[in-house]
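417 is the number of the first residue of the sequence shown in our numbering; add one for each residue after it.
For every residue, glycine included, the Cβ atom is placed at its ideal position computed from N, Cα and C.
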Amino acid sequence: MLWPPRLRVVGRRSSLRKVDEVIVPPRDGRTFTVGAGEFFRISCVEGPQVGDLNLWNAENIDEKFYASKTRQLHATHLTTHDRLWSGMPYMRPIATITHDTLDWYRSDEFGSGVHDVIGSRCDPYTNAVLRGGDYDHCCHSNLSRALATSAPFLQKLGDSPPDDPVAAARLAEPYVHDVMNVFMCTGFDRASRKYFMKSTPARRGDFIEFFAEIPLLGGLSACPGGNCGSSHSDDTTKCYPLLVEVFQPSPSVGAEWRGSPSVSTYSRTHGLSRRRMPPP
417 MLWPPRLRVV
427 GRRSSLRKVD
437 EVIVPPRDGR
447 TFTVGAGEFF
457 RISCVEGPQV
467 GDLNLWNAEN
477 IDEKFYASKT
487 RQLHATHLTT
497 HDRLWSGMPY
507 MRPIATITHD
517 TLDWYRSDEF
527 GSGVHDVIGS
537 RCDPYTNAVL
547 RGGDYDHCCH
557 SNLSRALATS
567 APFLQKLGDS
577 PPDDPVAAAR
587 LAEPYVHDVM
597 NVFMCTGFDR
607 ASRKYFMKST
617 PARRGDFIEF
627 FAEIPLLGGL
637 SACPGGNCGS
647 SHSDDTTKCY
657 PLLVEVFQPS
667 PSVGAEWRGS
677 PSVSTYSRTH
687 GLSRRRMPPP
């Protein structure tokens, strides 16, 4: 369950046809959709750029990526064949990494690695605490703006979505969650155990690719920190766009897929009986 059979994963990506692409501008966010059984690829197309990735079930955005459980089941930094898991009560793999051009990096002399699930997204609230003032292009805000205009989120709102974009972003904000920091190079200092960032080793042409285990709505922010090796949460660092491409496997390969994993079989009784509670 933790790792899908390698030959099946390799076979699915042997004949891919691109069906969609999205450019994520620097210091901004975009959403994209991926059908169950399809692939998506995130690429550095102009230069070294970190991206903050959110994933939701495209048919139910209450089910979303769970960074902490993914870290516990796999590793602090993810690479080929690791899976991304959704949160409770769903608790199932929603995507599998099928290719990573940075899988050679592993861990350096400082103990850092790439594609982490330990550092949260940059956000304007922490920035206000640490630096004062407002900054509106942190990854949290980028993802909130992007989600607010996505079809699955608007369907969630029903018949009366707000006309005001600020109101829509505020409604979307609670669905933004801890991220997979794509291309980001991070670790914990061995002496102090404090979190640190350093410049990503990613270069133009590097990419990471995923297999969608369920229908996915993805949100990606091109981080204002650029390569995350210097300044952050401002407009001074050089930033580049990111490219998201969606691919379908050939019909013959896709037919071999067994379908989306089931949600957790746990009863959700939490130790309680189903007896009617006595009146107060």
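C-alpha distance - residue i paired with residue j, whole-angstrom precision
{"i": "L423", "j": "T602", "result": "Low per-residue confidence applies at L423: pLDDT is 46, beneath 50, and the placement is therefore not dependable enough to give any value."}
{"i": "F448", "j": "R547", "result": "32 angstroms"}
{"i": "F569", "j": "T517", "result": "32 angstroms"}
{"i": "P631", "j": "Y506", "result": "14 angstroms"}
{"i": "R690", "j": "M504", "result": "21 angstroms"}
{"i": "F526", "j": "R606", "result": "8 angstroms"}
{"i": "R619", "j": "C460", "result": "7 angstroms"}
{"i": "S560", "j": "G687", "result": "36 angstroms"}
{"i": "L489", "j": "L418", "result": "7 angstroms"}
{"i": "C555", "j": "N470", "result": "10 angstroms"}
{"i": "S431", "j": "R609", "result": "44 angstroms"}
{"i": "V662", "j": "G549", "result": "38 angstroms"}
{"i": "S502", "j": "Y591", "result": "13 angstroms"}
{"i": "D478", "j": "K614", "result": "33 angstroms"}
{"i": "A491", "j": "K485", "result": "10 angstroms"}
{"i": "F456", "j": "V450", "result": "7 angstroms"}
{"i": "L494", "j": "R586", "result": "31 angstroms"}
{"i": "V523", "j": "R487", "result": "Before going on, a small fix: residue 523 reads as Ser here, not Val. About 16 angstroms."}
{"i": "P677", "j": "T512", "result": "12 angstroms"}
{"i": "S557", "j": "T681", "result": "35 angstroms"}
{"i": "E629", "j": "N473", "result": "10 angstroms"}
{"i": "F604", "j": "Y611", "result": "4 angstroms"}
{"i": "D532", "j": "S683", "result": "32 angstroms"}
{"i": "V595", "j": "N476", "result": "18 angstroms"}
{"i": "P667", "j": "Y482", "result": "31 angstroms"}
{"i": "R537", "j": "H593", "result": "8 angstroms"}
Residue range of the beta strand (DSSP E) that includes residue i
{"i": "L633", "result": "L632 to A638"}
{"i": "P509", "result": "P509 to D516"}
{"i": "P665", "result": "L658 to P665"}
{"i": "L500", "result": "R499 to W501"}
{"i": "D532", "result": "G529 to D532"}
Of the listed residues the options, nearest to residue i (C-alpha basis)
{"i": "Y541", "options": "R499, W520 and E589", "result": "E589"}
{"i": "G463", "options": "K572, S680 and G621", "result": "G621"}
{"i": "G453", "options": "S502, G675 and S680", "result": "G675"}
{"i": "S646", "options": "L418, I624, V466 and R606", "result": "V466"}
{"i": "F599", "options": "P617, F612 and V582", "result": "P617"}
{"i": "V438", "options": "V582, V660 and Q664", "result": "V660"}
{"i": "H648", "options": "F481, A544 and V533", "result": "A544"}
{"i": "V582", "options": "A567, G574, K572 and D552", "result": "D552"}
{"i": "H497", "options": "C655, I510 and T514", "result": "T514"}
Extent of the continuous alpha helix (DSSP H) run through residue i
{"i": "C555", "result": "C555 to A564"}
{"i": "N543", "result": "P540 to R547"}
Cβ-Cβ separation, residue j to residue i (assumed contact under 8 angstroms), whole Å
{"i": "D468", "j": "N643", "result": "That belief does not hold up - the Cβ atoms of D468 and N643 are roughly 14 angstroms apart, past 8 angstroms."}
{"i": "V440", "j": "A638", "result": "5 angstroms"}
{"i": "L636", "j": "I458", "result": "7 angstroms"}
{"i": "R446", "j": "A567", "result": "Incorrect: roughly 13 angstroms between the Cβ atoms, too far for contact."}
Below-8 angstroms beta-carbon distance, residue i vs any chain D residue
{"i": "S649", "result": "No chain D is part of this structure, which consists of one protein chain only."}
Practice problem: May I have a chain-ordered list of the alpha helix (DSSP H) segments no shorter than 4 residues that lie completely inside the stretch 573-660? | Solution: Whole alpha helix (DSSP H) segments, 4+ residues: 581-588.
Practice problem: Any chance you could list the beta strand (DSSP E) runs of at least 3 consecutive residues sitting entirely within the stretch 429-486, in chain order? | Solution: As summarised for the stretch 429-486, the continuous beta strand (DSSP E) elements at least 3 residues long and confined to that stretch are 432-440, 445-450, 455-460, 467-473 and 476-480, given in chain order.
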